[in-house]
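Novice: The numbering of the sequence shown is UniProt numbering, which starts it at 1 and goes up by one.
Think of the CB as a built atom: it goes at the ideal place given N, C-alpha and C, for glycine as much as any other residue.
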Amino acid sequence: MGHAQVSRPMLDKSFHRKVQSRKIFTHRESFETIIAKTEEKLSKASDQSKRYNNLTAQCTSISPTQDLQNFVHILALPSQAQKVPKRAFAPPQPPGEADDTGEEIAPILRNELVFDRHSSLSLRSALESLKREAIDLEMQIRQLQDAVDTLNRTQIRGIEGQLYNKVNEMQEDLSMKKFDLHTKQLHLAAIKTQVSLTSDLYVATFNCIPLDFYYCLLPSSYEKKVFFSFSIVLLLTLSFSITKSEFCFHKFNFNCEILC
């Protein structure tokens, strides 16, 4: 009984020391692991820096002038010098004007449309594929619009029934649906523009209209890609800011209603 009365206060007073020692040993093991991994990364980084230093030294030791001189010395001279054929300059002639010189020259390209069956078929297939894609996008837009309207009505009913937690949970789905809807609408606008340009080009092909007007209006593929990429980035930025502001606004209203 006496030993228990003596040891219990000592155990009670030294128990927190025991817990602290366990924590210290645990942290020590984790610190040793972190130090080992850091040393491994440091060794890899030092090896990589040595490799890059060697590469830099080799690159700086290159002499372009000396390399060109060596290349010129290595080149073999041709045994017989070939004469380059020279041709007289032939300015473009208006259609219908005869050639008075009588010399045989290459055919001159004029401002005329050459009917090609293969090009018309490719235009037709491209136009049909664009129209099919536009129809699919319109169907997806209608489905997304119906989903957005349904979520809006459900949110209104939840607010009327004071189901604020459910309304707050549905806000993220509603924002994602709106974002998808804006993206599909932008994609549809780009497809409609391509359809109009392709249809004009297709009509010009069958009516034999000079294509200068259409070519000056038709943007290059790079310009179309840049414009579409810029439009997508702008829409993503606007949609993200709109959805984020809507979510914060609904969350603020929900918190205010709970506090009230």
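Evaluate the contact criterion for the stretch 127–146 versus the stretch 181–193: three or more CB pairs, one atom per stretch, below 8 angstroms.
Specialist: Output reads yes: the stretch 181–193 touches the stretch 127–146.
Novice: Look at Gln-155 and Met-176 and say whether their C-beta atoms are less than 7 angstroms apart.
Specialist: Counting from 1 along the sequence shown, the entry for residue 155 is found at position 155. Counting from 1 along the sequence shown, the entry for residue 176 is found at position 176. The answer is no: Cβ separation not under 7 angstroms.
Novice: Measure the alpha-carbon distance for Ile-74 versus Asp-47 and round it to whole angstroms.
Specialist: Translated into the one-based positions of the sequence shown, residue 74 becomes position 74. Translated into the one-based positions of the sequence shown, residue 47 becomes position 47. Looking at the two C-alpha atoms, the distance is approximately 38 angstroms.
Novice: How would you call Leu-130, buried or exposed, if buried means at least 16 neighbouring beta carbons within 10 angstroms?
Specialist: In the sequence shown, the residue the question calls residue 130 occupies position 130. Burial call: buried.
Novice: Do Leu-151 and Lys-184 have their C-beta atoms closer together than 7 angstroms?
Specialist: Taking the sequence shown and counting its residues from 1, the one referred to as residue 151 is at position 151. Taking the sequence shown and counting its residues from 1, the one referred to as residue 184 is at position 184. Cβ distance not < 7 angstroms, so Leu-151 and Lys-184 don't count as in contact.
Novice: Do Ala-126 and Thr-193 have their C-beta atoms within less than 7 angstroms of each other?
Specialist: Counting from one through the sequence shown, the residue named residue 126 turns up at place 126. Counting from one through the sequence shown, the residue named residue 193 turns up at place 193. It is not a contact, given that the beta carbons lie outside the stated cut-off.
Novice: Note down the Cα distance separating Leu-174 from Asp-180, rounded to an integer number of angstroms.
Specialist: Sequence index remark: in the sequence shown, residue 174 carries index 174 (1-based). Sequence index remark: in the sequence shown, residue 180 carries index 180 (1-based). The alpha-carbon atoms of Leu-174 and Asp-180 are separated by roughly 10 angstroms.
Novice: Measuring alpha carbon to alpha carbon, tell me which residue in Glu-172, Val-195 and Ala-36 is nearest residue 280.
Specialist: Absent from the structure is residue 280, since the part of the chain shown begins at 1 and ends at 260.
Novice: For the alpha helix (DSSP H) holding Ile-74, just list the boundary residues, first then last.
Specialist: Translated into the one-based positions of the sequence shown, residue 74 becomes position 74. Run containing Ile-74: 64–74, per the alpha helix (DSSP H) assignment.
Novice: Give the straight-line distance between the Cα atoms of Met-10 and Lys-23, rounded to the nearest whole angstrom.
Specialist: Here residue 10 corresponds to residue number 10 of the sequence shown, with the count starting at 1. Here residue 23 corresponds to residue number 23 of the sequence shown, with the count starting at 1. When rounded, the distance between both Cα atoms is 20 angstroms.
Novice: How many Å lie between Arg-153 and Ile-135 at the Cα?
Specialist: To locate residue 153, count along the sequence shown from 1; it is residue 153. To locate residue 135, count along the sequence shown from 1; it is residue 135. C-alpha separation (whole angstroms): 27 angstroms.
Novice: CA-CA distance, Arg-124 and Arg-132?
Specialist: Within the sequence shown, the letter at position 124 stands for residue 124. Within the sequence shown, the letter at position 132 stands for residue 132. Rounded to the nearest angstrom, the two C-alpha atoms are 12 angstroms apart.
Novice: With distances taken between CB atoms, is the gap from Gly-158 to Val-167 smaller than 7 angstroms?
Specialist: Position 158 of the sequence shown, counted from the start, is the residue given in the question as residue 158. Position 167 of the sequence shown, counted from the start, is the residue given in the question as residue 167. Cβ atoms of Gly-158 and Val-167: closer than 7 angstroms.
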